[in-house]
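Under the numbering used here, the first residue of the sequence shown is numbered 3, with each subsequent residue one higher.
Every residue gets a Cβ at the ideal spot worked out from N, C-alpha and C, and that includes glycine.
The structure under discussion appears below in the form of structure tokens.
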Amino acid sequence: MKEERRLEILGIFIIALSFFILVSLGGFNPQEEPTISPSVKVENPMGRLGVTVAHFGIKLGFGYPIFILPLLGIVWGWFLFSKRKLEILFRPSAYLSGALCLLSISIGLILILNSQSDELNYLPSGLIGGLVTQFFIDFLGRAGVILLVIAGWLMLFRGYFTWNLYTPIAMINGKWKAWRTERSLVIKYKEKENVKRRHTQELISKIDAKKKMDENDVEPKSKEHLETNNGKKEGDRKLDLLSENEDRSVMVEAESLAEKNIEENKSVADRDGETIVAETNQDEIDINDIHVGEMASTEEVLIDDLEERRQSERKYHLPITDLLETPVNISDTMSRDELIDRANFLTQSLSTFGVEGRVVNVHPGPIITLFEVEPAEGVRVNKFVQLSDDLARVMEASRVRVIAPIPGKSSVGIEIPNRNPETVYFKSVVNSQEFVDAHSLLSLAVGKTTSGEIATLDLAKMPHLLIAGTTGSGKSVCINSIICSILYRATPAEVKFVMIDPKKVEMTLYKKLDGYHLLKMEDISEPIVTTTENAILALRALENEMDRRYNVLAEAVVRNIDEYNEKMGIQGETIMPFIVLVVDELADLMMMSAKDVETPIARLAQLARAVGIHLVIATQRPSVDVITGVIKANFPSRIAFQVATKIDSRTIIDQSGAEKLIGRGDMLHLGTGTSEAVRMHNAFLSLEEIEAVMEHICDQPKANEIILPTVREATLSDYSGDDGKTDELFQEAVSLVITHQQGSISLLQRRLKVGYSRAARLVDEMEQAGVVGPFTGSKAREVLVDESYLEIIRD
């Protein structure tokens with residue numbers, strides 16, 4: 003009670019003193035000098051003491067910036083009076099004091115730079131600010147002091163505020179690069195058009211010259227013909243004129259027919275030596291029968307303008323879209339006439355190969371164009387499938403995919419890549435209306451469909467995703483877009499990641515998420531799991547976390563994580579974050595220890611959905627020994643990028659077609675509850691964009707860490723008999739460890755060809771025998787004995 007009284011008294015005193023100083027400074031008159039003589043009249047509201055305070059504070063002190071001190075004193079007095087925590091004021095007070103000094107020096111510098119005489123009035127900056135500035139000018143020069151002041155202000159603002167000074171620079175640099183890229187592309191496009199125009203003019207000039215030569219050859223023949231006619235009789239002349247008119251009419255008809263045939267066969271002209279002859283009169287295609295659709299246009303919105311992303315009270319600010327590259331699109335799409343010409347050429351090509359049909363619909367897209375072909379009566383659809391390679395050769399395409407038939411239609415779909423495919427940028431998908439309207443924290447900005455529509459998926463509804471594709475097909479870019487999609491929607495308190503990267507290079511950029519989105523475990527010291535041993539520990543730790551979460555949901559009497567978080571939000575309690583497990587290469591883990599990897603993955607895939615644990619697993623080898631039946635059955639949602647064979651395509655999506663993809667993000671998505679794969683084009687996300695997002699997250703305050711407890715003891719107890727017997731491979735294991743001076747489980751697995759469980763038990767036995775040291779995280783255990791120990795255990 004006495005302490006509170008003292009704080010209130012001290013607060014009142016500081017407030018009164020600060021208010022006195024503030025009014026004294028406000029009544030400052032440069033003509034008044036401090037005096038104690040009663041005969042001198044003063045105008046300061048606080049009397050002679052106020053004159054003295056203002057004189058020493060402004061004129062002889064720091065100038066007009068001195069007003070910061072009494073204002074700061076009033077705030078300190080109020081905090082004391084209201085008994086609030088003073089720790090909050092320490093940092094702002096220190097920075098305001100620095101700003102006071104720097105502002106005084108800055109005003110002094112401006113006065114000196116604008117002064118035309120040697121006599122300076124240091125009133126605005128105060129004598130201290132002016133003299134300090136003059137000292138620095140004499141020592142560093144004017145340019146040096148200007149540089150020092152600018153650097154001081156930048157450091158002061160960067161130290162106090164959370165603003166990232168590099169972000170606007172990066173944004174300007176990105177826009178500059180985008181402008182340069184767009185300008186260079188436009189210049190190249192114009193040059194290409196100029197070359198075409200010059201070439202066309204040359205052809206026209208050659209044609210005109212040939213016409214003139216033909217006219218010059220016709221004139222002498224006509225004169226000779228007239229002279230011959232003059233020597234003939236009138237009757238003969240009439241007969242000649244009649245025969246001449248008949249011949250001329252025949253020639254005109256022949257010429258018109260030839261011109262008509264040439265125009266009709268323009269669309270089937272020779273292409274690199276490939277000549278297809280069309281029936282001009284019988285199988286003519288009416289262009290009005292072909293319906294040409296338009297590519298879907300996407301409405302761009304700014305996800306940064308969402309109200310929940312701009313809440314000022316949020317400590318953690320989600321990444322902004324200015325960190326991403328601005329899409330550069332140059333309109334080079336095919337016109338309606340060009341699409342009709344390609345449709346006619348496709349129909350004639352099919353007829354040449356003995357398959358009759360006609361194109362009824364054309365659906366252009368950013369990467370490919372879908373032609374709907376209606377087969378003629380009696381034509382089997384498997385004939386279209388057999389012609390895919392021949393059509394790719396004739397249509398000058400890398401690969402042609404045939405959908406025979408299109409689900410729900412009587413027509414066959416033929417997907418042909420565009421000659422100038424567009425690039426689907428990640429920023430255009432993030433700023434789309436579809437992604438903005440998706441309210442799930444696990445919404446994924448996948449890319450675009452074949453018709454140009456925005457494609458988004460919800461990982462919470464999948465609930466797990468299996469990805470397969472060859473090297474360079476776009477698999478890693480897809481994983482990056484999945485991770486960054488979640489980072490753009492969720493804070494570290496809402497979503498956590500567990501990343502397993504056996505290749506050790508694909509997810510290096512995400513190490514910066516340590517302390518933010520990455521989930522920590524007691525057994526694993528590395529932020530990104532790279533070893534098989536740690537990967538198995540991580541999977542088992544997630545198993546234990548899943549069981550723990552089910553117990554929590556049961557105690558809260560809720561069925562899933564959404565109901566639990568809603569209930570905890572109402573009560574003001576901490577929510578349960580989602581956990582996303584990302585495995586970049588499953589084949590390596592299955593090769594090292596298939597049994598120890600397959601079982602926890604299958605169990606998590608079966609049960610973890612309700613408690614908010616979701617799996618995203620990728621592999622470049624979609625064979626049956628990697629994607630086993632147990633794993634495949636629990637991953638109803640799958641994505642197939644370009645693969646080598648039909649067998650690989652059937653392994654991942656239960657149907658062929660992935661072998662006909664063109665790569666670079668082209669994929670087939672098999673959704674939950676459907677048997678038909680949908681073709682999509684994955685959005686491109688560069689490494690520079692990922693680095694910018696990581697830098698933004700690193701500038702945010704760190705979240706409360708969640709550390710999963712150790713599972714090593716549970717793992718050993720589950721698979722060791724505890725019967726007191728030494729493993730029969732113990733001597734051989736000790737020999738390997740001593741020879742290689744490396745006590746690791748993975749070494750025993752490779753050399754002894756045993757599973758993780760038995761290798762872990764052998765290491766545990768060696769630790770009890772004093773052969774190796776205790777567990778040290780991701781590093782191999784220290785070997786404590788030398789080769790002489792082998793003779794002891796043999797005896």
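Boundaries (first-last residue) of the beta strand (DSSP E) holding K450: Locating residue 450 in the sequence shown gives position 448, where the first residue counts as 1. It spans S445 to T451 - the beta strand (DSSP E) in which K450 sits, taken as one unbroken run.
L521 beta carbon less than 8 Å from that of V507: For the purposes of this step, residue 507 is taken as the residue at position 505 of the sequence shown. For the purposes of this step, residue 521 is taken as the residue at position 519 of the sequence shown. No, these two residues do not count as a Cβ contact at 8 Å.
Burial state of E45, where buried means 16 or more other Cβ atoms lie within 10 Å: Translated into the one-based positions of the sequence shown, residue 45 becomes position 43. Classification for E45: exposed.
CB contact flag (A589, H466, <8 Å): Residue numbering aside, residue 589 sits at position 587 when the sequence shown is read from its first letter. Residue numbering aside, residue 466 sits at position 464 when the sequence shown is read from its first letter. Not closer than 8 Å, so no.
Chain-order list of residues whose beta-carbon lies under 7 Å from that of T653 (same chain, five-residue window excluded): Against the sequence shown, residue 653 aligns to sequence position 651. Cβ within range, chain order: P624, S625, V626 and I629.
E376 in three-state terms, based on DSSP: Your numbering for residue 376 matches position 374 in the sequence shown. Strand.
L105: CB within 7 Å of a non-hydrogen atom of the ligand SAH: The ligand SAH is not part of this structure, which contains no ligands at all.
Three-state class that DSSP yields for E417 in the structure shown: For the purposes of this step, residue 417 is taken as residue 415 along the sequence shown, with counting starting at 1. E417: strand per DSSP, three-state reduction.
In DSSP terms, what A642 is bridged to: Residue mapping note: residue 642 aligns to position 640 of the sequence shown, counting from 1. Answer by DSSP bridge pairing, in chain order: A470 and L670.
Cutoff 8 Å: H671 Cβ touching any chain B Cβ: Looking for chain B here will not work: only one protein chain is present.
Buried versus exposed, by CB contacts within 10 Å (16 or more), M682: Position 680 of the sequence shown, counted from the start, is the residue given in the question as residue 682. Burial call: buried.
Assigned secondary structure, G726 (DSSP; H/G/I helix, E/B strand, else coil): Counting from 1 along the sequence shown, the entry for residue 726 is found at position 724. No answer about G726 holds up, because its pLDDT of 49 lies below 50 and its placement is not dependable.
Bounding residues of the alpha helix (DSSP H) (the contiguous stretch that carries H365): On the sequence shown, position 363 is the one that residue 365 refers to. That residue, H365, is in no alpha helix (DSSP H); its beta strand (DSSP E) goes G359 to P366.
Close beta carbons around Y97, own chain, < 8 Å, minus the five adjacent residues each side: Residue mapping note: residue 97 aligns to position 95 of the sequence shown, counting from 1. Excluding residues within five positions, the ones whose Cβ falls inside 8 Å are L158, G161 and Y162.
Three-state secondary structure assigned by DSSP to G131: The count along the sequence shown starts at 1 and reaches residue 131 at position 129. Note: G131 maps to helix in three-state DSSP.
For T371: DSSP bridge partner residues: Here residue 371 corresponds to residue number 369 of the sequence shown, with the count starting at 1. Beta-bridge pairing links T371 to P366 and I418.
V526 versus I577 - alpha carbon distance: Along the sequence shown, one-based indexing puts residue 526 at 524. Along the sequence shown, one-based indexing puts residue 577 at 575. A small correction: the amino acid at residue 526 is Ile; Val does not occupy that position in the sequence shown. Near 25 Å, if we compare the C-alpha coordinates of I577 and I526.
Neighbour-count burial assignment, E193, 16 or more Cβ in a 10 Å radius: Translated into positions along the sequence shown, residue 193 becomes position 191. Answer is exposed; the Cβ neighbour count stays below 16.
Simplified DSSP assignment, three categories, for N536: Your numbering for residue 536 matches position 534 in the sequence shown. Note: N536 maps to helix in three-state DSSP.
Cβ shell of L609 (< 7 Å), same chain only, five flanking positions each side left out: Counted from its first residue, the sequence shown places residue 609 at position 607. Same-chain partners within the cutoff: M548.
Cβ-based burial, V188 [other Cβ within 10 Å; buried from 16]: Within the sequence shown, numbered from 1, the residue matching residue 188 stands at position 186. Looking at its Cβ environment, which holds fewer than 16 other Cβ atoms inside 10 Å, V188 is exposed.
Simplified DSSP state of I583, which is helix, strand or coil: Indexing the sequence shown from 1 puts residue 583 at position 581. Reading the sequence as shown, one finds Leu at residue 583 and not Ile. It is a strand residue.
I488 to I530 span [Cα, whole Å]: In the sequence shown, the residue the question calls residue 488 occupies position 486. In the sequence shown, the residue the question calls residue 530 occupies position 528. Their Cα atoms are separated by approximately 18 Å.
Where H57 sits in the DSSP three-state scheme: Here the question's residue 57 lines up with position 55 in the sequence shown. Of the three classes helix, strand and coil, the one that applies to H57 here is helix, per DSSP.
For F355, the first and last residue of its enclosing alpha helix (DSSP H): The residue you call residue 355 lines up with position 353 of the sequence shown. Counting along the chain, F355 falls outside any alpha helix (DSSP H), and DSSP gives it neither H nor E.
Cβ-based neighbour list, S595, same chain, cut-off 7 Å, excluding 5 preceding and 5 following: The residue labelled residue 595 in the question sits at position 593 within the sequence shown. Here the set comprises T534, I538, Q751, G757 and Y758.
CA-to-CA distance, A18 to N553, given in whole angstroms: In the sequence shown, residue 553 corresponds to position 551, counting from 1. In the sequence shown, residue 18 corresponds to position 16, counting from 1. Each residue's alpha carbon lies about 59 Å from the other.
Burial state of S99, where buried means 16 or more other Cβ atoms lie within 10 Å: Here residue 99 is taken as the residue at index 97 of the sequence shown, counted from 1. With fewer than 16 Cβ atoms within 10 Å of its Cβ, S99 is classed as exposed.
Nearest-angstrom Cβ-Cβ length linking V680 and F580, presumed shorter than 8 Å: Walking along the sequence shown from the start, residue 680 turns up at place 678. Walking along the sequence shown from the start, residue 580 turns up at place 578. Going by Cβ atoms, the distance from V680 to F580 rounds to 25 Å, so no, they are not a contact pair.
Endpoints, alpha helix (DSSP H) assigned at H698: Walking along the sequence shown from the start, residue 698 turns up at place 696. Residues L689 to C700.
Meets three-Cβ-pair contact criterion under 8 Å: the stretch 71-79 and the stretch 132-141: no
Three-pair Cβ contact test at 8 Å for the stretch 317-324 versus the stretch 367-384: no
A685 to L544 span [Cα, whole Å]: Here residue 685 corresponds to residue number 683 of the sequence shown, with the count starting at 1. Here residue 544 corresponds to residue number 542 of the sequence shown, with the count starting at 1. Going by the C-alpha atoms only, they are around 30 Å apart.
Residues near V803 by beta carbon distance below 7 Å, same chain, minus five either side: The structure shown does not extend to residue 803, since the chain spans only 3 to 797, so no value can be given for it.
Own chain residues within Cβ distance below 7 Å of N482, not counting five before or after: The count along the sequence shown starts at 1 and reaches residue 482 at position 480. So the list reads L687 and I692, once near-sequence residues are dropped.
Closest residue to L459 among G59, T674, P94 and R86 (Cα-Cα distance): Indexing the sequence shown from 1 puts residue 459 at position 457. Here the closest residue by C-alpha is T674.
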